[in-house]
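Peer 1:
Numbering (the working numbering), first residue to last: 7 to 243.
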């Protein structure tokens, strides 16, 4: 029997991070670790190794934990951060610090949750920053880098009111039908599908750099769900 895969989650308090945590109990072959600045109230049945520390200590903690994979779901908003500069410190600088530490710790898989439309040459400040983060991650030459570019996320956030996003979630089922051809990458995604795709990439074997938009993310999520169902069937037989 193979050893459980140790996956370190960075960015545990956001929508994707919380969804990954909630999904973890059904994954018998995964030990989920986490690093965060503050305590997290876990749903019942969650087993997770969580290290609490200020973000400037995270790189050292990562090199000590030496996980098999890192899922980086770091992200904030300008409203929460207080300024564009403070937002960049999280969405760009801290992401890069975590990735450098992962490389130093010889982590095989680094999965980063970015955004559809990320482009270092974008006129949109948010998408430009996301694109610069992707560019700088690629320059690190990690063993395997998976960049996820989901569109609008569908799911319940904790203590993070985003009125426009909430309206978008309500309109998403109809709006997604209108996004065809090259525009399918802008379709919304359930947070659970993004989490499953992240788990799938965290266990992938091939080396290289990969960018995944809506259709590729959904394929990865469905494959992960099929494999999980198959395992559960075998264990129940």
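Glycine included, each C-beta is placed from N, C-alpha and C at the ideal position.
Since I believe residue 27 is in contact with residue 54 (beta carbons under 8 angstroms), could you give me their beta-carbon distance rounded to a whole number of angstroms?
Peer 2: 6 angstroms
Peer 1: Would you check if the distance between the CB atom of residue 117 and the CB atom of residue 76 is smaller than 8 angstroms?
Peer 2: yes
Peer 1: Hey, how far is the Cα of residue 155 from the Cα of residue 51?
Peer 2: 30 angstroms
Peer 1: Rounded to whole angstroms, how far is the Cβ of residue 107 from the Cβ of residue 73, which I believe are closer than 8 angstroms?
Peer 2: Between residue 73 and residue 107 the Cβ distance is about 10 angstroms, and since that is not below 8 angstroms, they are no contact.
Peer 1: Using the C-alpha atoms, what's the distance from residue 241 back to residue 97?
Peer 2: 40 angstroms
Peer 1: Restricting to Cα atoms, I'd like to know which of 22, 10, 9 and 40 is closest to residue 16.
Peer 2: 40
Peer 1: Determine the direct distance from the alpha carbon of residue 151 to that of residue 142, and round the result to whole angstroms.
Peer 2: 12 angstroms
Peer 1: Which of the three DSSP states is assigned to residue 52 in this structure?
Peer 2: coil
Peer 1: Give me the Cα-Cα distance between residue 62 and residue 153, rounded to the nearest whole angstrom.
Peer 2: 24 angstroms
Peer 1: What do you get for residue 89, buried or exposed, if any count of 16 or more other CB atoms within 10 angstroms of its CB means buried?
Peer 2: Residue 89 is exposed by the Cβ-count criterion.
Peer 1: Less than 8 angstroms between the C-beta atoms of residue 218 and residue 226, yes or no?
Peer 2: yes
Peer 1: So for residue 32, helix, strand or coil by DSSP?
Peer 2: helix
Peer 1: In terms of residue numbering, what span does the beta strand (DSSP E) encompassing residue 101 cover?
Peer 2: Run containing residue 101: none in the beta strand (DSSP E); it sits in the alpha helix (DSSP H), 101-110.
Peer 1: Is it buried or exposed, residue 115, if we count other Cβ atoms within 10 angstroms and call 16 or more buried?
Peer 2: Label assigned to residue 115: buried.
Peer 1: Please classify residue 25 as buried or exposed, where buried requires at least 16 other C-beta atoms within 10 Å of its C-beta.
Peer 2: buried
Peer 1: Would you kindly check if the distance between the Cβ of residue 157 and the Cβ of residue 213 is under 8 angstroms?
Peer 2: no
Peer 1: Using the C-alpha atoms, what's the distance from residue 36 back to residue 159?
Peer 2: 25 angstroms
Peer 1: Would you call the CB atoms of residue 325 and residue 128 closer than 8 angstroms?
Peer 2: Missing from the structure shown is residue 325; the chain here goes from 7 to 243 and no further.
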